[in-house]
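Using this note's numbering, read the sequence shown as starting at 363 and increasing by one per residue.
Take a look at the structure set out below.
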Amino acid sequence: MRFFVDTADVAAIAELNDLGMVDGVTTNPSLILKSGRDILEVTKEICAIVSGPVSAEVVALRADDMIAEGRKLAAIAPNIAVKVPLTWDGLKTCKVLTGEGFMVNVTLCFSANQALLAAKAGATFISPFIGRLDDINLDGLEVISDIRQIYDNYGFETQILAASVRSANHVTQCALIGADVVTAPPAVIKAMASHVLTDKGLEQFMKDWAKTGQKIL
Ligand code: G3P
């Protein structure tokens with residue numbers, strides 16, 4: 363399973379990238395705001411660190427404007443995936459930009475039918491938002507599972523990029539379902555390393571080691 367990191371925080375991306383944990387990056391307008399950086403500058407910096415796909419999102423709402431923004435974002439680096447919302451204009455933009463050879467990530471997906479349309483429009487990635495579905499008492503993981511089955515039924519090559527991932531358990535469940543990629547905030551990726559029994563076991567080893575009076579270095 364590939365891990366994308368869902369942030370525009372360059373230092374956090376670099377830290378995880380050095381550990382081999384980053385296969386790509388996703389950003390969105392809210393994450394650009396949080397970074398306090400200029401979108402073109404910070405995206406260029408991220409693309410220089412990470413060799414995999416880096417999603418940069420358009421902000422126009424009409425297809426013609428989205429296409430123009432998408433071309434400008436795609437010119438930043440060869441590993442840009444242009445992120446477009448799952449609206450009718452976003453689907454038109456997806457069709458045009460993938461036809462020009464660009465990677466397109468269709469975002470703000472909340473249903474299997476939306477994902478089916480994105481695949482028909484040639485999307486490279488579909489981003490179903492698990493956490494935001496859970497927030498309104500729907501089952502985000504069930505949507506991932508439905509999309510997996512539909513794409514497999516018909517051989518669609520669009521990759522399922524599970525997004526709005528809020529917990530380490532979301533990552534486990536996405537891996538079990540067979541999502542192609544998970545994008546998660548750095549804190550969630552780090553939380554995957556934690557286990558209460560690891561902490562407890564280490565504490566006991568340290569106590570016993572101190573009693574031996576030995577040193578390794
Ligand atoms: O990439 C966008 C998505 O991951 C947003 O997550 O937590 O704001 O719903 P969240």
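Heads up, the beta-carbon is just placed ideally off N, CA and C, and yes, glycines get one too.
All of these numbers come straight from a predicted model, not from anything done at the bench.
Asked                                                                                                                                                                            : Found
Just how far apart, CA to CA, sit Val458 and Ala477?                                                                                                                             : 17 Å
Just the residues with CB closer than 7 Å to a heavy atom of the ligand G3P, in chain order, which are they?                                                                     : Asp368, Thr388, Asn390, Ser392, Thr469, Ser489, Phe491, Gly493, Arg494, Ala525, Ser526, Val527, Arg528 and Thr545
At the level of alpha carbons, what is the spacing between Thr469 and Leu523?                                                                                                    : 9 Å
Is there contact here, the region 377 to 384 with the region 416 to 428, by at least three beta-carbon pairs under 8 Å?                                                          : no
Count the C-beta pairs between the region 471 to 491 and the region 515 to 530 that are closer than 8 Å, then say yes if the count reaches three, no if not.                     : yes
When burial is assigned at 16 or more other CB atoms within 10 Å of the CB, is Met465 buried or exposed?                                                                         : buried
Which runs of the alpha helix (DSSP H), 4 residues or longer, sit entirely within the region 493 to 550?                                                                         : 502 to 516 and 530 to 539
Since Met428 contacts Thr460 with CB under 8 Å, what's their CB separation in whole angstroms?                                                                                   : Actually they do not touch by this definition, with Cβ atoms about 13 Å apart.
Taking 9 Å as the cut-off, decide whether the C-beta atoms of Leu503 and Cys536 are in contact.                                                                                  : yes
What are the boundary residues of the beta strand (DSSP E) that includes Gly386?                                                                                                 : Gly386 to Thr388
Is Thr444 helix, strand or coil when you go by DSSP?                                                                                                                             : Reading off the sequence, residue 444 comes out as Val, not Thr. Residue state, collapsed to three classes: strand.
Let's test the definition: count the other Cβ atoms within 10 Å of the Cβ of Phe567 and tell me whether it reaches 16, buried, or not, exposed.                                  : exposed
Label Ser392 either buried or exposed according to how many other C-beta atoms from any shown protein chain fall within 10 Å of its C-beta, with 16 as the threshold for buried. : exposed
Report the CB separation of Val550 from Ser529 in whole angstroms; it is logged as a contact under 8 Å.                                                                          : 7 Å
Please confirm whether Lys445 and Thr388 have their CB atoms less than 9 Å apart.                                                                                                : yes
Counting only runs of 4+ residues fully inside the region 367 to 401, write out the alpha helix (DSSP H) ranges in chain order.                                                  : 372 to 380 and 391 to 397
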